[in-house]
Every structure is written in structure tokens, then in C-alpha cells.
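Residue numbers (our numbering), protein chains in the order written: chain U, 3 to 250; chain L, 3 to 250.
There are 2 protein chains.
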Amino acid sequence: MPSRSLAMPELACADCPIRHRAVCARCESDELEQLDAIKYYRRFEAGQTIAWAGDQMDFVASVVEGVASLTQTMEDGRRQMVGLLLPSDFLGRPNRESVAYDVTATTDVMLCCFRRVPFQTLISETPHISQRLLEMTLDELDAAREWMLLLGRKTAREKIASFLSIIARRDASLKNRPNANELVFDLPLTREAMADYLGLTLETVSRQMSALKRDGVIELKGKRHITVPDVSALMEETGDDADGGMFG
Amino acid sequence: MPSRSLAMPELACADCPIRHRAVCARCESDELEQLDAIKYYRRFEAGQTIAWAGDQMDFVASVVEGVASLTQTMEDGRRQMVGLLLPSDFLGRPNRESVAYDVTATTDVMLCCFRRVPFQTLISETPHISQRLLEMTLDELDAAREWMLLLGRKTAREKIASFLSIIARRDASLKNRPNANELVFDLPLTREAMADYLGLTLETVSRQMSALKRDGVIELKGKRHITVPDVSALMEETGDDADGGMFG
DNA sequence: GGTTGTATTTGATCGAAATCAAATCAGCCC
DNA sequence: GGGCTGATTTGATTTCGATCAAATACAACC
């Protein structure tokens, strides 16, 4: 169900993929023009911090390209990722002045930013947008809750398998799959970032990746390029209900 | 920041505590009358299931009294709580037909229910309410993310201490504390439910409760009645930043 | 090609929490 | 009071993932 939004009608919009999720598909063109008036693009390099927890953030944004993440850090350095933003995901909290978590560019990232104050004005005057934001926030909440099950109850192997299936589900290259049963994609995260996502150490991530490879569940070309020869075999490993899902 | 809503202005409304969070404080009285027209009360006993994951739910609701929880269960029985609803919390997802998680009455619960379809109509016609729901959902998302840090990175002892401080923060009896440094409240959950909340086993919960008692961080009267003689000592144990917080 | 620095893998060991098992406590009903 | 039931505590042992440590792969740069 976090994939719900993928099923929503998309606006054909060549210059700004943002609108696909950030903006209600029912918006009138003049509303879209107002959005255009307050938007600008911004690029961040891999590893760069986009905002620190507690900072003022004078924009909200949508991810155009690349991956950004939200993380929380404890004083002693323990770190947990609490949000992973892929292209078309929304960043920022309308009506909140400050950011609650560190926002980092996990890969090179291109953001489409909307200036915060005028964006909020637009929301308050455009119920469509506010309703769309509610939908998106509910989707995020669903994703967070699925993530909680993973963190609280899954084994290391199940965590890795779940992560791979989550990334695969969102990966663009999905669109042209030659073989319906096979799956090929690139990992946008280092082993360390995966560990932060999964509540593991990077050593455990590496070991479990090796184990899945040894058992033929995945194949690796380089460190980041993954082939899943049999999707259902991967799904078996996630611990989730085998039903539904993106892959038939 | 999950406590943000507590700081919001509350409507004086003797018969229905719901409004305090569920409905925008800026609503006009005729909008409140419309809400009254579609609401009804419903009681559930401890242990009773309010809805199963996947069920249609023909109402949304606000918790008036007692505690309800959202849980996810894996086929082999592993269980993770993903939502804990205390009085004034909102239950249900506007514009979603079905429930995503099992909803259970953790104690005896009184709900103030709003019939779903008319409630949705009201939302779409009343931007205030839709914006209030967005605020509430953002609060829930913040809470979920704090919870993710707990599940992914905290030790068993830190989890217990964090849980106690979360419950204490929300407990009604807080309102009349004789001694600002001391804290007295009742646990609304069994050890098993705590385990489901924290991603632990009930034995570990029990052991860590005993350890905190042994170390003088908490005192126990019966199994459920907790006294925290020194709030800052408890906060030390949570692993969280010592700053801010409800207790000064 | 060699060097440097980072990312990743692999190995050995340790420890926190899970698991398995039993005892104790607290209501509750008669 | 006494027995019954479910909740909780406590104990013994195991196990999975963390930690500590070292080797290997890889890309960028000279």
C-alpha cells in the first residue's frame, strides 16, 4: 500500500516530475502556474547535508533525481534512518517551520523546491493540494509502519530481502523488464546506509548479502548491481505475506 | 513533538472529548453540529478486536477512554504494535475504505465514532478539518519515526525507559502532580503488549522492569502502578537527548 | 602501472536478548 | 479460605547479530 500513489493518474509534465506526486492531479492549470512561480531547482552532491535537525527550512521539495534520506542520531553516534526519499517523493512538512531530522543526500540529488511560505498560502487556498498532501502523508505513515515491523521483528536475512524488494518495487528500470520473473536493478545505498535503514551493522548487511548470493536468491555484478533470478524466491525470504505485491 | 497537539487550543465541549484533537479548533459551531449529527458512541472490552486488517471500516473515531492498539502479525505469529491510541487520539484513515492493521482494544475502550462516508463529505467541504487531519497525521508520522529509532537502535533497557516516559507524558494523572520531580502513573498495557510495542519478548520486558526497580529508577506498586522518584534519572536511561521534554 | 583511500568482505569472538522451562503472584469465584 | 486461571517473575541455556580485527576489492588520481 505504500505504492498506492504510483497507481494515481500522473500529469504529463515534461519539465517537472515533481507534480506527479506532490500536486493533486485534479489541479487546474492556473494552480499549476502558481506552483511554477514559486519553484526552483537545487542540486546536492552525495554525502552533502541538505538540512540539520532543528534547522529552519525555507522550502519544501520533491525529489527529481537521486536519493535523499532522513536520519536520527543518538549522542553516542548510533544512527537510524527514518525516511528514504526516492524520485517523486516529497520532502518537508507544510506548516512546520523546522526540520525534525537530518536530511542528507545519499546519492547526488536534484530537488524541485517550492518556497515554503507561498506554498503554504497556496495550500490553504487550494483544498485539492491539501487533500493530496494528506494522502501522501498517510502513505508515508503506512510505509513507516511496515518499516516498524521490519525493525522490531524481522531477522537480518528477512530485513535484507525486504529491503531489496522495496527498492526493486520503486526502481525505474522496472518499467522495461524483459523477463517477468527476473528483476534487475541498482542499489542506490552503501552497505552502511543500508545498515542505518535496517537497524543492523554494515558487517551484518554484508554477510547477509553474501548469504543470499550463496543461496542463489540474488546475483551481484559489482557491489551495487543486483539481479533477482526468481522474484517469488526473494519474496519468500521477506517474511511477508506472499500475496498481492507488485510482482506477479 | 508528538505532544505538539496537546499545546493546541481546545474546544470546551463537555460531552465529546473527541473534538479536542479530531476537529479543528477554528471550526464554526454549525460545522460542529454537522459532526454531532453523524457521531455515535461505541464501547469495546479489553482484548476485543475492533477491526481486522483488510476489513471495511464504516467509521472513523476518536478514543474517549481507554487504550486501543494497531498491530501487524506475521504468519508465524511474530507481532509488532505499530500504533498506540490513547484518549483523544484519532482512529481511522479518511478516504481509505479498509483498515491496514488489526485494531484491538488493549483495555476497555470508549470510542466516539463518525460515520465514514458523511465524515469524508464533511472533510471535503471543510478545509479546516482536512488541514487539522493533516496536522494530526504529521504528528503520528513524527511519533512513528521516533518509534523507529527505538526499535532499530535502542537497547532493551533504553526501550523500557523510553516507553515509560512516553506513557507518563500522556497520562492524565500528570495534571495534578504534587511534586514536580516525581511522577506517578498506571501502565495501561500488559507485559506482553509492552513487548509487542518495543520489539522485545515479554520475559525481557519483565527482566528490565525488575532491573530498573532494583536500580531505583522506578518503584512498583502491584504490577501496573509506577512511581518515578526522579524524572531526570529516567530520562537519562532513555538514550534520548536530555533537553526539552515535558518535564522540567 | 602504482598508490592511496574508501567501501566491502570475511574471520574470530563476545554479549544481549531470545528461548525454553519452572516457579510465584494476584485476582476471582465458589 | 482454597482452588483456579492468567499474568508475571526468575532461572538456565542458546543463538543471532554486534564487535573487534584483518584482508580484499575498487575507483580516482598521479
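Glycine is no exception: its CB is placed at the ideal position from the N, C-alpha and C atoms. Since this is a predicted model, take the numbers as computed values, not measurements.
Minimum Cβ-Cβ distance from residue i to chain L less than 8 Å
| i | result |
| --- | --- |
| U:L135 | yes |
| U:G241 | yes |
| U:R155 | yes |
| U:S132 | yes |
Beta-carbon spacing of residue i, residue j below 8 Å
| i | j | result |
| --- | --- | --- |
| U:V65 | U:L88 | yes |
| U:E205 | U:V219 | no |
| L:G85 | L:A63 | no |
| L:A170 | L:L214 | no |
| U:R193 | U:S208 | yes |
| U:R45 | L:Y103 | no |
| L:L236 | L:S167 | yes |
| U:P96 | L:P129 | no |
| U:I125 | U:L140 | no |
| U:T109 | U:G68 | yes |
| L:M138 | L:F92 | yes |
| L:S132 | U:Q133 | yes |
| L:L189 | L:I228 | yes |
Assigned exposure category for residue i - 16 Cβ within 10 Å defines buried
| i | result |
| --- | --- |
| U:D243 | exposed |
| L:R118 | buried |
| L:K161 | buried |
| L:G56 | exposed |
| L:A53 | buried |
| L:Q58 | exposed |
| U:K41 | buried |
| U:R172 | buried |
| U:R159 | buried |
| U:E99 | exposed |
| L:D144 | buried |
| U:S234 | exposed |
| L:Y184 | Just to set this straight, residue 184 of chain L is Glu in the shown sequence, not Tyr. Classification of L:E184: exposed, given that the 10 Å Cβ count is below 16. |
| U:E47 | exposed |
| U:E127 | exposed |
| U:A107 | buried |
| L:V25 | At L:V25 the pLDDT is 49, less than 50, meaning the model places this residue with poor confidence and gives no usable figure here. |
| U:S90 | buried |
| U:G241 | buried |
| U:E77 | exposed |
Short CB-CB distance (under 8 Å) between residue i and chain U
| i | result |
| --- | --- |
| L:G56 | no |
| L:P231 | no |
| L:R23 | Because the pLDDT at L:R23 is just 48, under 50, the model does not fix this residue reliably, and the point stays unresolved. |
| L:M3 | Note on L:M3: pLDDT 40, under 50, position unreliable in the model; the coordinate value appears next. Closer than 8 Å to some Cβ of chain U, the Cβ of L:M3 qualifies, so yes. |
Heavy atom of the ligand ADP within 7 Å of residue i beta-carbon
| i | result |
| --- | --- |
| U:L189 | You won't find the ligand ADP in this model; it holds no ligand whatsoever. |
Could you tell me whether the region 64-75 of chain L touches the region 114-129 of chain U, where touching means 3 or more Cβ pairs closer than 8 Å?
-> no
Assess, as a yes-or-no matter, whether the region 195-203 of chain L is touched by the region 74-93 of chain L under the definition of 3 or more beta carbon pairs within less than 8 Å.
-> yes
Residues of the region 137-152 of chain L whose Cβ lies closer than 9 Å to any Cβ of chain U, in chain order | E137, T139, L140, E142, L143, D144, A146, R147, E148, W149, M150, L151 and L152
Between the region 110-124 of chain U and chain L, which residues of the former have a C-beta closer than 9 Å to a C-beta of the latter?
-> none
Is there contact here, the region 147-157 of chain U with the region 147-155 of chain L, by at least three beta-carbon pairs under 8 Å?
-> Two segments are said to touch when three or more pairs of C-beta atoms, one from each, lie closer than 8 Å; by this definition the region 147-157 of chain U touches the region 147-155 of chain L.
Name, going along the chain, the residues of the region 94-110 of chain L whose beta-carbon falls closer than 8 Å to a beta-carbon of chain U.
-> R95, P96, N97, R98, A102 and Y103
Relative to chain L, which residues along the region 78-89 of chain U have a C-beta separation below 9 Å, given in chain order?
-> D78, R80, R81, Q82, M83, V84 and G85
Given a limit of 8 Å on CB to CB distance, which residues of the region 188-207 of chain U reach chain L?
-> L200 and G201
Using Cβ-Cβ distances below 7 Å, what residues of the region 58-75 of chain U are close to chain L?
-> Q74
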